[in-house]
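J.: Chains as they are written, first to last, in the numbering used here: chain A, 21 to 177; chain B, 21 to 177; chain C, 21 to 177; chain D, 21 to 177.
In this text, a Cβ means the ideal position worked out from N, Cα and C, and glycines have one as well.
Since the model is a prediction, treat every value here as computed from it, not as a measurement.
Sharing a structure, written as structure tokens. Questions coming.
There are 4 protein chains.
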Amino acid sequence: MTLAPGNVRFPALADLPPPVFEMRLRVYYEDTDAGGIVYYANYLRYFERARTDWLRALGVAHRDLAERDGLLFVVRDVAVDYRRPARLDDELRVDVRMIEARRAQVRLAQVARVDGQSDCAALALVRIAVIERAGGRPAALPPWVAQRLTGKETDDR
Amino acid sequence: MTLAPGNVRFPALADLPPPVFEMRLRVYYEDTDAGGIVYYANYLRYFERARTDWLRALGVAHRDLAERDGLLFVVRDVAVDYRRPARLDDELRVDVRMIEARRAQVRLAQVARVDGQSDCAALALVRIAVIERAGGRPAALPPWVAQRLTGKETDDR
Amino acid sequence: MTLAPGNVRFPALADLPPPVFEMRLRVYYEDTDAGGIVYYANYLRYFERARTDWLRALGVAHRDLAERDGLLFVVRDVAVDYRRPARLDDELRVDVRMIEARRAQVRLAQVARVDGQSDCAALALVRIAVIERAGGRPAALPPWVAQRLTGKETDDR
Amino acid sequence: MTLAPGNVRFPALADLPPPVFEMRLRVYYEDTDAGGIVYYANYLRYFERARTDWLRALGVAHRDLAERDGLLFVVRDVAVDYRRPARLDDELRVDVRMIEARRAQVRLAQVARVDGQSDCAALALVRIAVIERAGGRPAALPPWVAQRLTGKETDDR
Numbered sequence: 021m022t023l024a025p026g027n028v029r030f031p032a033l034a035d036l037p038p039p040v041f042e043m044r045l046r047v048y049y050e051d052t053d054a055g056g057i058v059y060y061a062n063y064l065r066y067f068e069r070a071r072t073d074w075l076r077a078l079g080v081a082h083r084d085l086a087e088r089d090g091l092l093f094v095v096r097d098v099a100v101d102y103r104r105p106a107r108l109d110d111e112l113r114v115d116v117r118m119i120e121a122r123r124a125q126v127r128l129a130q131v132a133r134v135d136g137q138s139d140c141a142a143l144a145l146v147r148i149a150v151i152e153r154a155g156g157r158p159a160a161l162p163p164w165v166a167q168r169l170t171g172k173e174t175d176d177r
Numbered sequence: 021m022t023l024a025p026g027n028v029r030f031p032a033l034a035d036l037p038p039p040v041f042e043m044r045l046r047v048y049y050e051d052t053d054a055g056g057i058v059y060y061a062n063y064l065r066y067f068e069r070a071r072t073d074w075l076r077a078l079g080v081a082h083r084d085l086a087e088r089d090g091l092l093f094v095v096r097d098v099a100v101d102y103r104r105p106a107r108l109d110d111e112l113r114v115d116v117r118m119i120e121a122r123r124a125q126v127r128l129a130q131v132a133r134v135d136g137q138s139d140c141a142a143l144a145l146v147r148i149a150v151i152e153r154a155g156g157r158p159a160a161l162p163p164w165v166a167q168r169l170t171g172k173e174t175d176d177r
Numbered sequence: 021m022t023l024a025p026g027n028v029r030f031p032a033l034a035d036l037p038p039p040v041f042e043m044r045l046r047v048y049y050e051d052t053d054a055g056g057i058v059y060y061a062n063y064l065r066y067f068e069r070a071r072t073d074w075l076r077a078l079g080v081a082h083r084d085l086a087e088r089d090g091l092l093f094v095v096r097d098v099a100v101d102y103r104r105p106a107r108l109d110d111e112l113r114v115d116v117r118m119i120e121a122r123r124a125q126v127r128l129a130q131v132a133r134v135d136g137q138s139d140c141a142a143l144a145l146v147r148i149a150v151i152e153r154a155g156g157r158p159a160a161l162p163p164w165v166a167q168r169l170t171g172k173e174t175d176d177r
Numbered sequence: 021m022t023l024a025p026g027n028v029r030f031p032a033l034a035d036l037p038p039p040v041f042e043m044r045l046r047v048y049y050e051d052t053d054a055g056g057i058v059y060y061a062n063y064l065r066y067f068e069r070a071r072t073d074w075l076r077a078l079g080v081a082h083r084d085l086a087e088r089d090g091l092l093f094v095v096r097d098v099a100v101d102y103r104r105p106a107r108l109d110d111e112l113r114v115d116v117r118m119i120e121a122r123r124a125q126v127r128l129a130q131v132a133r134v135d136g137q138s139d140c141a142a143l144a145l146v147r148i149a150v151i152e153r154a155g156g157r158p159a160a161l162p163p164w165v166a167q168r169l170t171g172k173e174t175d176d177r
């Protein structure tokens with residue numbers, strides 16, 4: 021078994037591309053746990069809210085995609101580095117950074133930080149893809165979506 | 021920006037060590053989303069339930085650790101590979117596999133699979149550590165905990 | 021405005037009918053909040069798990085009902101009396117008590133208590149009904165479901 | 021057993037006092053379930069967010085109350101009438117309406133409605149109280165809090 025330490029390598033904040041989107045949200049009781057900090061799974065909820073609002077700002081609402089194209093965004097994999105706990109009443113800034121958009125998947129980085137702090141609460145690397153709503157088979161991004169994500173024709177290398 | 025594809029490399033199921041613990045749980049409405057499948061963040065809840073029950077089976081209850089030693093387990097990082105969606109009413113088997121236990125952190129793999137299916141719904145690599153409840157500073161695993169996790173004196177390389 | 025205090029009147033535990041179903045569950049970190057107790061919305065998750073397992077024990081799985089009859093159980097209203105907080109690592113017993121089953125709705129009481137305690141953590145009064153999956157219109161309980169819930173032909177007064 | 025139907029009586033929307041606070045929020049995947057609608061427990065999360073933001077707007081942040089006064093707001097009971105399902109991507113308006121503020125408890129009504137719809141998605145009656153953080157004993161609202169909630173000295177009948 022050679023699953024070495026450092027198997028998941030997280031980049032430094034300074035090495036990430038700049039945000040293409042940012043939202044603010046508040047930490048409520050529902051988000052915290054008995055340790056007094058934001059429960060680790062809830063960052064995935066935050067990151068998904070930011071991705072959803074980013075897509076909506078680009079004109080790609082989940083419901084439209086489902087009804088018009090019969091498609092669904094799904095997360096293929098995600099890695100989260102928890103760097104500094106956030107607490108009740110904190111205001112968070114959660115962003116979206118584009119790593120790569122290809123025909124069948126999009127790779128993003130996302131940072132959640134407590135407003136006013138320079139280091140981040142959590143950093144995520146996310147790979148999302150599109151599947152057919154009925155059946156669940158992988159699908160290509162529809163051209164109208166790909167164009168909005170990249171600002172150009174999709175790269176199909 | 022050189023965050024290459026394959027940055028997070030997930031092992032094949034066959035390359036993981038065998039489970040040291042397994043629990044069963046049911047997929048309820050609360051776990052699913054409008055896509056009809058288990059919401060991606062909820063696997064982190066499942067994995068944490070399995071870790072908690074595993075630790076309790078070893079005699080390490082969270083509340084005891086907090087009250088006796090003033091310590092708290094936290095997740096340092098986690099990576100999840102979503103391989104096959106689970107659905108409402110599915111029964112899941114969620115396990116814990118030990119990768120490495122050191123003085124200040126434990127690395128685990130965890131697999132969630134739908135009962136009766138050979139491939140997994142989700143596979144996680146998790147790094148957990150212990151912090152001081154008051155203040156949040158990193159701490160070493162107490163010897164009584166380390167011994168129960170490893171079945172021997174902790175490895176302190 | 022005459023919304024008098026006592027608007028919601030909760031029965032004493034001794035005045036409830038006996039349980040027709042009971043399940044056990046553990047309080048995990050995901051269930052608690054920064055106040056150190058189970059977050060109030062999570063009792064609704066617990067109560068729904070108990071209803072789901074009760075229905076499954078009667079042979080009424082949600083997925084079957086959706087696929088065979090195109091029907092969905094929904095909660096019409098719920099009232100919860102929070103009596104004594106539950107905490108991390110507590111083992112809860114959550115039950116289902118039948119108040120009344122009619123053609124188009126079922127009224128239940130549900131009690132969650134910490135194992136070994138005589139008074140309850142939370143007591144709920146729940147009214148559930150069945151709707152058509154497509155469209156959302158109210159529907160009658162299918163006869164096969166009604167029979168299993170009541171042990172006889174449904175009462176259709 | 022005389023737990024009559026209509027045990028919980030919900031007021032008509034027109035009979036409620038006007039809102040003292042309103043917030044907007046979006047329905048994300050995390051909020052929905054496999055029935056395609058907002059999961060019933062999640063309205064309690066929404067209502068708590070609105071109460072928290074309302075209290076913060078009045079200068080009563082949970083963390084301050086905990087650290088300054090050693091006090092915690094808790095929900096004593098809640099009743100929710102689910103009137104019309106909300107769905108993915110809906111924008112909700114969630115409000116707070118004051119029914120009664122007394123020395124040791126506050127009674128509120130809260131309405132969640134989909135933006136642009138006249139009837140509500142859910143209507144809640146909530147009774148909140150204050151407890152001591154250590155020990156959990158009931159406490160009176162601190163005068164500075166009571167004044168902000170009512171705009172005057174608390175009514176202590």
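(1) How about residue 108(A) and residue 54(C): do their beta carbons lie closer than 8 Å?
(2) Could one say the Cβ of residue 152(A) lies closer than 8 Å to chain D's Cβ atoms, at least one of them?
(3) Using a Cβ-Cβ cut-off of 8 Å (strictly less than) and excluding sequence neighbours within five positions of residue 63(D), which residues of its own chain qualify?
(4) So with Cβ pairs under 8 Å, would you call residue 52(C) a contact of chain A?
(5) Determine the chain D residues that contact residue 79(C) at a beta-carbon separation under 8 Å, and present them in chain order.
(6) By the three-class DSSP mapping on this structure, what secondary structure does residue 30(C) have?
(7) Please tell me whether residue 63(C) has its Cβ less than 8 Å away from any Cβ of chain A.
(8) DSSP three-state label for residue 161(C), please.
(9) Specify the secondary structure class of residue 75(D) as computed by DSSP and reduced to three states.
(10) Would you kindly report the start and end of the unbroken beta strand (DSSP E) that includes residue 121(B)?
(11) Does residue 108(B) come within less than 8 Å of chain C when only Cβ atoms are used?
(12) Could one say the Cβ of residue 49(B) lies closer than 8 Å to chain C's Cβ atoms, at least one of them?
(13) Do you know whose CA, among 94(B), 112(B), 106(B) and 115(B), lies nearest residue 105(A)'s CA?
(14) Using 8 Å as the cut-off, can you tell me whether the segment 82-93 of chain D makes contact with the segment 162-172 of chain C, which would need three or more C-beta pairs spanning the two stretches below that distance?
(15) For residue 178(A), I'd like the list of residues in its chain whose CB is within less than 6 Å of its CB, leaving aside the five on either flank, ordered along the chain.
(16) Is the CB-CB distance between residue 67(A) and residue 137(A) below 8 Å?
(17) Return the first residue and the last residue of the alpha helix (DSSP H) that residue 36(C) is part of.
(18) Of the residues 72(C), 79(C) and 38(C), which one's Cα is nearest the Cα of residue 119(C)?
(19) By the 10 Å Cβ neighbour count, where 16 or more other Cβ atoms means buried, how is residue 44(C) classified, buried or exposed?
(20) Going along chain B in order, which residues have a C-beta closer than 7 Å to the C-beta of residue 59(D)?
(21) What does residue 90(B) reach in chain D if we use C-beta pairs closer than 8 Å?
(22) Identify the contact partners of residue 30(A) in chain B, using a Cβ-Cβ distance below 8 Å as the criterion.
(23) If you follow the alpha helix (DSSP H) that residue 103(B) is part of, which residue opens it and which one closes it?
(24) List the residues of chain D whose Cβ lies closer than 9 Å to the Cβ of residue 42(A), in chain order.
(25) How would you call residue 113(B), buried or exposed, if buried means at least 16 neighbouring beta carbons within 10 angstroms?
(26) Cutting at 8 Å between CB atoms, please list the residues of its own chain near residue 139(C), excluding the five before and the five after it.
(27) Below 8 Å between beta carbons is the criterion; list the residues of the segment 120-137 of chain A that meet it against any residue of chain B, in chain order.
(28) Looking at the C-beta of residue 68(A), does it have a partner C-beta in chain D at a distance below 8 Å?
(29) Could you say which of 52(C), 82(C) and 121(C) lies nearest to residue 167(C) if we only look at CA atoms?
(30) Mind checking residue 115(B): buried by the 16 CB within 10 Å criterion, or exposed?
(31) When you compare each of 61(B), 75(B) and 158(B) to residue 42(B) by their alpha carbons, which one comes out closest?
(32) Which whole-angstrom value describes the C-beta separation of residue 111(B) and residue 46(B), a residue pair presumed to lie in contact below a C-beta threshold of 8 Å?
(33) Strictly by DSSP, which residues pair up with residue 168(D)?
(34) To the nearest angstrom, how far is the alpha carbon of residue 160(B) from that of residue 123(B)?
(35) From residue 128(C) to residue 146(C), what distance separates their C-alpha atoms?
(36) Since residue 124(C) is in the beta strand (DSSP E), which residue starts that stretch and which ends it?
T.: Reading it off the structure:
(1) yes
(2) no
(3) 100, 102, 132, 141, 142 and 144
(4) yes
(5) Those do not exist, as residue 79(C) stays about 20 Å from chain D at its closest Cβ, beyond 8 Å.
(6) coil
(7) no
(8) coil
(9) helix
(10) 111-121
(11) yes
(12) yes
(13) 94(B)
(14) no
(15) As displayed, chain A neither begins before 21 nor continues past 177, which places residue 178(A) out of reach and without an answer.
(16) no
(17) Element bounds for residue 36(C): n/a, residue is neither H nor E.
(18) 38(C)
(19) exposed
(20) 49 and 50
(21) By Cβ distance, chain D contributes nothing, its closest Cβ being about 16 Å from residue 90(B), past 8 Å.
(22) 97
(23) That residue, residue 103(B), is in no alpha helix (DSSP H); it is neither H nor E in DSSP.
(24) Those do not exist, as residue 42(A) stays about 16 Å from chain D at its closest Cβ, beyond 9 Å.
(25) buried
(26) 33, 103, 104 and 133
(27) 120, 127 and 129
(28) yes
(29) 121(C)
(30) buried
(31) 75(B)
(32) 6 Å
(33) Residue 168(D) is not bridged to any residue.
(34) 6 Å
(35) 5 Å
(36) No beta strand (DSSP E) holds residue 124(C); DSSP gives it neither H nor E.
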